[in-house]
Each structure stands twice: as C-alpha cells, then as structure tokens.
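Visitor: Residue numbering for the sequence shown is 1 to 208, as defined by the working numbering.
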Amino acid sequence: MSVSEDRTAQPSVQPAVAASGIADPAPLGLAAFALTTFLLSAANAGWMTAASGSAWLGYALAYGGLVQLLAGMWEFRNRNVFGATAFGTYGAFWIGLGLWALLVAPHILRPSVAAHDLGWILLAFAIFNTYMLIMSAQVSLAVFAVFLTLELTEIILFIGNFTTNSSTIKAGGYVGVLTALVAWYTSAAGVSNGIAGRIRFPVGKPLL
C-alpha cells in the first residue's frame, strides 16, 4: 500500500474508534448491586446464623455504593439516562444505608424505632423504583425482571419493618436473594455481549 492509499484509509478507521466511547458500565453496576443485595438479603432471610449478619455493611459502602455510583456516572458519559439514574440512585442508596447503620442505628435504643426508620427508607425507594420499573419495560426483559423483583423486595420489607414482623422481613430476604440472582444474570449477559465471544446470555426483548 502506498502512502497516499494509507492516508485515504485512515479517516475511515478513526471515527469508529472515537464513536465507540467507553465500555458499557452496566454489567459492573449490576454486579455491585447484586452482591450487596445478596449479602443483606441472606441476613434478612436468617441464613447467617453462624455469622455476624453485618457482612453487607462494608460492601454497601465500597461495592454496592461507590462502585455502583461510579457506574452511574459513566452511564452519563454514555448518554444513558436510565442507567445513570438507576445506578446513581441505588449506589447512593447503599452508601446512605451503610451510613445510617454506622452513624444512626447504634444510637436508637428501641428496635421498633430503627425498624420504622428502615420502613420509611424502603417505602421512599419503592416509590422511585415504581416508575423505574415501568421505564425498564422498554429496555429488556432481564432488566425489567431486576426491577420487578426489587420492587417486590422493597414492598415486602417496608411492610415487614413497619409492622415489625420478622416473618415478613424473612420473606423479603428470600425475594431479595432472587433479586440478586436476577441482577447477577443480567450482569453476566452484559459481560457476554461486551466481549463478543461465542457464549451469549439472552436478555429478552423489551415488553413495551
């Protein structure tokens, strides 16, 4: 190839690189959300009988919180308003919940008051999650399933905390574990699509 031919070929390559942007941050955000949700939900389900039950706390700040928040900011770079809103909000949710557990909960003397605090927090996020659930129906079936199971988790848990009913909270823990598994699957699907290999996990078509 001559120099003139090489110069002609260059412009057709460079725009493709510039247009590619950054890697999709959604699989990272979903993985961070899934792991932290799994740890807290396992505690709520009563599975951590030989553990402290607080394994979720550090990861609420570092992984589910900070890393998911970063994924949300990277979604702004990708001009993905849905991903930015979802990851940004739930990253802040985990950081806020971790700070509440560290700074507020130890000073609450009555367990019922702490439970009502959590009830109000979960109710507020269930309201947010409701319109995100509706919007997620336009993304994919897998993403819709994440928000659907999360909506059920939040509703069951805020009812359980408002009524201080341990059985209801335990049920919320089970649904929370399911939420984590669905989020992990959706994250894995994003990774499989991102590396463009032979292994692909389907996410389903949008419902709307």
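All C-beta atoms in this analysis are idealised placements derived from N, C-alpha and C, irrespective of residue type, glycine included.
Can you tell me whether DSSP reads A34 as helix, strand or coil?
Guide: Reduced to three states, the DSSP call for A34 is helix.
Visitor: From D24, T163, G172 and G21, pick the residue whose C-alpha is nearest to that of A114; which is it?
Guide: The option with the nearest alpha carbon to A114 is T163.
Visitor: In whole angstroms, what is the alpha-carbon distance linking M73 and A84?
Guide: Each residue's Cα considered, the two are about 6 Å apart.
Visitor: Compare the C-alpha of N80 against each of G204, S136 and G197 and name the closest.
Guide: Comparing Cα positions, the closest option is S136.
Visitor: Could you pull out every residue in the same chain whose Cβ sits closer than 7 Å to the Cβ of F33, ignoring the five residues on either side in sequence?
Guide: Same-chain partners within the cutoff: G64, Q68, Y90 and A183.
Visitor: Evaluate the contact criterion for the stretch 100 to 109 versus the stretch 138 to 147: three or more CB pairs, one atom per stretch, below 8 Å.
Guide: Cβ pair count under 8 Å is below three, so no.
Visitor: P25 to L207, Cα distance in whole Å?
Guide: Taking the straight line joining both Cα atoms gives about 23 Å.
Visitor: Measure from the alpha carbon of N78 to the alpha carbon of each residue in I169, I195, G204 and I22, then state which is nearest.
Guide: For N78, the nearest C-alpha among the options comes from I22.
Visitor: Roughly how far, in whole angstroms, is the beta-carbon of T37 from the beta-carbon of G204, given that I think they are within contact range, below 8 Å?
Guide: So it is not a contact: roughly 21 Å between Cβ atoms.
Visitor: Could you give the distance in angstroms between the alpha-carbon of W94 and the alpha-carbon of F125?
Guide: Near 11 Å, if we compare the C-alpha coordinates of F125 and W94.
Visitor: From G88 to F128, what does the alpha carbon distance come to, in whole angstroms?
Guide: About 12 Å.
Visitor: Confirm the yes/no value for this check: CB of A142, any heavy atom of the ligand ADP, distance under 8 Å.
Guide: Because no ligand of any kind appears in the structure shown, any question about the ligand ADP cannot be addressed here.
Visitor: Checking 9 Å against the spacing of the C-beta atoms, do G247 and S41 come in under that value?
Guide: As displayed, the chain neither begins before 1 nor continues past 208, which places residue 247 out of reach and without an answer.
Visitor: In three-state terms, what does DSSP make of R77?
Guide: R77 falls in the helix class under three-state DSSP.
Visitor: Could you give the first and the last residue of the continuous alpha helix (DSSP H) run that contains P111?
Guide: Per DSSP, P111 belongs to the alpha helix (DSSP H) from P111 to S136.
Visitor: Any idea what DSSP makes of L208, helix, strand or coil?
Guide: DSSP places L208 in coil when its eight states are reduced to three.
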